[in-house]
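Take a look at the structure set out below.
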Amino acid sequence: MAKRTIVALPGDGIGAIVLKQAVRVLDAAGFNAEYIYGDIGWEFWRKEGNPLPQRTLDLIAKHKTALFGAITSKPNEEAKAELDPSLQGKGFTYSSPIVGLRQYFDLDICIRPCRSYTGNPLNFVRRGPGGVIEEPFIDVVIFRQNTECLYSGVEWTNPPAEVYKAFLTHPKFRQNFGNVPVEELSISARIFTRKATERILLAAFEYAEKYGYKSVTVCEKPNVVRETSGLMWKLAKDIQKSRFPSIKLLNTNIDAQMMWLTKNPEDYGVIVAGNMFGDIASDGFAGLIGGLGFACSAQFSSDGIAVFEPTHGSAPKYAGYEIPIVNPIAMIESCCMMLDYLEEKKIADSVHNAIAEVIREGKVKTYDMMKMQGRPEVIQEGAASTIQMTDAIISKLRK
Ligand code: NAI
Ligand code: MG
Numbered sequence: 023m024a025k026r027t028i029v030a031l032p033g034d035g036i037g038a039i040v041l042k043q044a045v046r047v048l049d050a051a052g053f054n055a056e057y058i059y060g061d062i063g064w065e066f067w068r069k070e071g072n073p074l075p076q077r078t079l080d081l082i083a084k085h086k087t088a089l090f091g092a093i094t095s096k097p098n099e100e101a102k103a104e105l106d107p108s109l110q111g112k113g114f115t116y117s118s119p120i121v122g123l124r125q126y127f128d129l130d131i132c133i134r135p136c137r138s139y140t141g142n143p144l145n146f147v148r149r150g151p152g153g154v155i156e157e158p159f160i161d162v163v164i165f166r167q168n169t170e171c172l173y174s175g176v177e178w179t180n181p182p183a184e185v186y187k188a189f190l191t192h193p194k195f196r197q198n199f200g201n202v203p204v205e206e207l208s209i210s211a212r213i214f215t216r217k218a219t220e221r222i223l224l225a226a227f228e229y230a231e232k233y234g235y236k237s238v239t240v241c242e243k244p245n246v247v248r249e250t251s252g253l254m255w256k257l258a259k260d261i262q263k264s265r266f267p268s269i270k271l272l273n274t275n276i277d278a279q280m281m282w283l284t285k286n287p288e289d290y291g292v293i294v295a296g297n298m299f300g301d302i303a304s305d306g307f308a309g310l311i312g313g314l315g316f317a318c319s320a321q322f323s324s325d326g327i328a329v330f331e332p333t334h335g336s337a338p339k340y341a342g343y344e345i346p347i348v349n350p351i352a353m354i355e356s357c358c359m360m361l362d363y364l365e366e367k368k369i370a371d372s373v374h375n376a377i378a379e380v381i382r383e384g385k386v387k388t389y390d391m392m393k394m395q396g397r398p399e400v401i402q403e404g405a406a407s408t409i410q411m412t413d414a415i416i417s418k419l420r421k
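Next up, the structure:
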């Protein structure tokens, strides 16, 4: 196996904690890689006025594959107050380095798998016929368009005259909002492009085909949001008909999907959605498999950049503990996604199976798996630390 170069972006808070443990697992599993550490996050905002320095972007552009922990974001005014005094009042404005990364590299495809682990005490259960407790096995992979939709940042409060004038040309705007004073209007644009919509749909269908999922579900709202959701639904029908006739195409509305979430989550496989509905659906499904300690993700561009990261944030309140308590599994599973992508299937399976075995055995559980509130005392009360959980996973690796 050739030696790989991976850009490691610890970020801050628990991001740095879980990334360090994930690298231990990768080393122990025999993944032959050199890690080049990149600067990202709060520290670099404070010291340099930029949480995502150009040198970090250059590193990722050069080496293509990155593992990312998590970063802290704060509202602009708070962020400015924490800037180094030498930088204050010099016009620096804070913007999220995660959004920055996505935009800079056009990481438009986001994949978030949500699979139950047998024996996870956090698995979703429901009451079945005769009052029996059922624990449906969930195996859902969410494809979220990652760069467009309501998160594109095209929005105004008190829109400029030319924008307002353009809106007035729409009969529905005239009829429903024509009398609202312009300074009382806030507008966020939901933008879908044909190219990006096709890319996320194709990625979803190709994944379904490769991994044997029988259906792809478009989770949007085309009956109401006719143009953007409608575009995705129309393109999905075209793509399914012309290229993937053996895969069933299903359509759920995001609101109904949230209701079906607890009624029949086992009926879904690959789900594809725009940015916002994909964000909502992936958090919803992640809740069924144990929540943020288990939710992993990957982001891809069309030109070979890939960033793997847990869905959770930097949880700063848990970052300063002498013995770290947070669950490293979301980060380690994100590494499995990276290993799969790099076609290191044997190592990926070995790490994934080791995690599954630790959970099935049920001897080593982090505080979240014991339904405890996060506090330093959870360790004395029987919860495994981040490091003990990592050690347990390493001990189950089969080489
Ligand atoms: P968060 O995901 O950091 O934490 C929320 C709660 O989830 C925590 O208080 C904890 O109870 C639980 N949790 C998170 N990760 C866990 C883990 N590995 N094991 C066990 N429990 C875990 O979200 P929050 O508190 O809303 O945001 C904290 C900071 O993180 C903010 O500055 C926010 O902007 C940032 N953030 C960064 C993200 C990223 O880097 N990708 C994503 C989301 C938030
Ligand atoms: Mg989210």
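Taking our numbering, I'd label the letters of the sequence shown as residues 23 to 421. Idealized CB from N, CA, C, for every residue including glycine.
Distance cutoff 8 Å, beta carbons only. Does residue i sit that close to anything in chain C?
{"i": "N54", "result": "Looking for chain C here will not work: only one protein chain is present."}
For residue i, does the three-state DSSP call read helix, strand or coil?
{"i": "G33", "result": "strand"}
{"i": "E249", "result": "coil"}
{"i": "R26", "result": "strand"}
{"i": "V202", "result": "coil"}
{"i": "G91", "result": "strand"}
{"i": "A51", "result": "coil"}
{"i": "A337", "result": "coil"}
{"i": "I347", "result": "coil"}
{"i": "I62", "result": "coil"}
{"i": "Y363", "result": "helix"}
{"i": "E99", "result": "helix"}
{"i": "E184", "result": "helix"}
{"i": "E56", "result": "strand"}
{"i": "K7", "result": "A query on residue 7 cannot be resolved here, the shown segment of the chain reaching from 23 to 421 and no further."}
{"i": "M411", "result": "helix"}
{"i": "I15", "result": "Nothing about residue 15 can be read from this structure; the chain reaches only from 23 to 421."}
{"i": "P301", "result": "Just to set this straight, residue 301 is Asp in the shown sequence, not Pro. Helix at D301."}
{"i": "P193", "result": "helix"}
On the DSSP bridge list, what partners appear for residue i?
{"i": "N375", "result": "In the DSSP output, where bridge partners are listed per residue, N375 has none listed."}
{"i": "S237", "result": "K270"}
{"i": "V147", "result": "DSSP lists no partner for V147."}
{"i": "W255", "result": "W255 is not bridged to any residue."}
{"i": "W178", "result": "I209"}
{"i": "I155", "result": "R149"}
{"i": "C508", "result": "Absent from the structure is residue 508, since the part of the chain shown begins at 23 and ends at 421."}
{"i": "Y116", "result": "BP columns for Y116 are empty, so no partner."}
{"i": "E242", "result": "N275"}
Check whether the Cβ of residue i sits closer than 7 Å to any heavy atom of the ligand NAI, and report yes or no.
{"i": "A378", "result": "no"}
{"i": "E65", "result": "no"}
{"i": "K42", "result": "no"}
{"i": "K17", "result": "Only positions 23 to 421 of the chain appear in this structure, which leaves residue 17 out of reach."}
{"i": "E95", "result": "What sits at residue 95 in the sequence shown is Ser, not Glu. Checking the Cβ of S95 against the ligand NAI gives yes."}
{"i": "S117", "result": "no"}
{"i": "S336", "result": "yes"}
{"i": "N349", "result": "yes"}
{"i": "L314", "result": "yes"}
{"i": "V331", "result": "Contrary to the premise, residue 331 reads as Glu rather than Val in this sequence. Yes, the ligand NAI has a heavy atom inside 7 Å of this Cβ."}
{"i": "D161", "result": "no"}
{"i": "I36", "result": "yes"}
{"i": "D390", "result": "yes"}
{"i": "A92", "result": "yes"}
{"i": "A352", "result": "yes"}
{"i": "G309", "result": "no"}
{"i": "G306", "result": "no"}
{"i": "I120", "result": "yes"}
{"i": "G396", "result": "yes"}
{"i": "G33", "result": "yes"}
Using 8 Å for Cβ pairs, my map puts residue i next to residue j. What's the rounded Cβ distance?
{"i": "T78", "j": "D34", "result": "Actually they are not in contact, since the Cβ atoms of T78 and D34 sit about 14 Å apart, beyond 8 Å."}
{"i": "Q125", "j": "T169", "result": "7 Å"}
{"i": "L81", "j": "V29", "result": "5 Å"}
{"i": "K142", "j": "G312", "result": "In the sequence as displayed, the identity of residue 142 is Asn instead of Lys. About 5 Å; that satisfies the 8 Å criterion."}
{"i": "P135", "j": "V163", "result": "5 Å"}
{"i": "F299", "j": "A225", "result": "Between A225 and F299 the Cβ distance is about 16 Å, and since that is not below 8 Å, they are no contact."}
{"i": "L89", "j": "C358", "result": "Contact doesn't hold; Cβ gap of about 11 Å is too wide."}
{"i": "A378", "j": "Y57", "result": "With a Cβ gap of about 25 Å, A378 and Y57 do not count as contacting."}
For the beta strand (DSSP E) containing residue i, list its first residue and its last residue.
{"i": "S208", "result": "208-210"}
{"i": "C136", "result": "131-137"}
{"i": "C318", "result": "318-322"}
{"i": "I164", "result": "161-167"}
{"i": "F330", "result": "328-332"}
{"i": "V294", "result": "292-295"}
Please report the residue range of the alpha helix (DSSP H) in which residue i lies.
{"i": "E403", "result": "From DSSP, E403 is part of no alpha helix (DSSP H); its letter is neither H nor E."}
{"i": "L123", "result": "119-127"}
{"i": "V386", "result": "Note, V386: premise wrong, no alpha helix (DSSP H); not H, not E."}
{"i": "Q279", "result": "276-285"}
{"i": "R77", "result": "76-85"}
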